[in-house]
Amino acid sequence: FYGMTAKGYGMAQVLREMNAKLKRILPGDMFCCALLVNLSMQRGAVEVWNGGMPDGFLLSSEGRVLSALVSRHLPLGVLSAEQFDDQTEVWPLAPGERLLLMSDGVLETADDQERLFGEQRLRAVLADNRNPALLFDELLDALQRFGGRARDDVSLCDIRMLGAQLPQ
-8 FYGMTAKGYG MAQVLREMNA KLKRILPGDM FCCALLVNLS MQRGAVEVWN GGMPDGFLLS
52 SEGRVLSALV SRHLPLGVLS AEQFDDQTEV WPLAPGERLL LMSDGVLETA DDQERLFGEQ
112 RLRAVLADNR NPALLFDELL DALQRFGGRA RDDVSLCDIR MLGAQLPQ
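In terms of my numbering, the numbers along the sequence shown are unbroken and rise by one, the last being 159.
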């Protein structure tokens, strides 16, 4: 990833190489879920490839869900080079809009009765948010109030599109 991006390879080429390498080195029962994004301030856009990760969300500057970044691909390392699909989706991303991305550990956090935090609770936190600057903390608070145990890593990523900076 680092080597290819430093040399200027595009997202599709990087994905294909990562898939091929993981297909070669991983045991047959292992794979790598991944969500890759390419943010462009100049184009005001985000390019997304989601392979096996939970849906991410494109949020307005007010915190409304504009779109779900749905997993449309199998994880890396599953398919052969001929079968692998490197097609991405491109979404406009205006200043103030943001991406909320997460690992499956968020949705799969379970309480004492083995109920999962799940997508319904996640979407309720998103819908109830009135101050976008607090959304990340509100989601962490909701997980803590849920009282669950994380079965896997709990990773959250909140990426905000900044306006183009003018030279001074």
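Glycine included, each C-beta is placed from N, C-alpha and C at the ideal position.
Out of Asn120, Ser94 and Arg121, state which residue places its alpha-carbon closest to the alpha-carbon of Phe108. The candidate whose alpha carbon is nearest that of Phe108 is Ser94.
Helix, strand or coil: which one does DSSP assign to Asp163? What is shown of the chain runs -8 to 159, which leaves residue 163 out entirely.
My guess is that Val97 and Leu117 are in contact by the Cβ rule of under 8 Å, so how many angstroms apart are they, rounded? That belief does not hold up - the Cβ atoms of Val97 and Leu117 are roughly 12 Å apart, past 8 Å.
What does Ala101 pair with, by DSSP beta-bridge criteria? For Ala101, which the question treats as bridged, DSSP gives the partners Leu107 and Arg140.
Measuring alpha carbon to alpha carbon, tell me which residue in Thr(-4), Gln33, Leu30 and Asn10 is nearest Cys23. Selected option, being the one with the closest Cα: Asn10.
Would you check if the distance between the CB atom of Thr100 and the CB atom of Gly139 is smaller than 8 Å? Their beta carbons are under 8 Å apart, which means Thr100 touches Gly139 by this criterion.
I'd like the list of long-range same chain contacts for Val28, defined as Cβ closer than 6 Å, with 5 residues on each side in sequence excluded. Residues Val37 and Val39 of the same chain have their beta carbon placed closer than 6 Å to that of Val28, with the five preceding and five following residues left out of the count.
From the DSSP output, read off the bridge partner residues of Met93. Looking at the DSSP output, Met93 shares a beta bridge with Leu147.
What is the DSSP secondary structure of Leu131, counted as helix, strand or coil? Leu131 falls in the helix class under three-state DSSP.
Check whether the Cβ atoms of Leu131 and Asp77 sit closer than 8 Å, and answer yes or no. Their beta carbons are not under 8 Å apart, which means Leu131 does not touch Asp77 by this criterion.
What are the boundary residues of the alpha helix (DSSP H) that Gly(-6) is part of? Its alpha helix (DSSP H) spans residues Tyr(-7) to Ala(-3).
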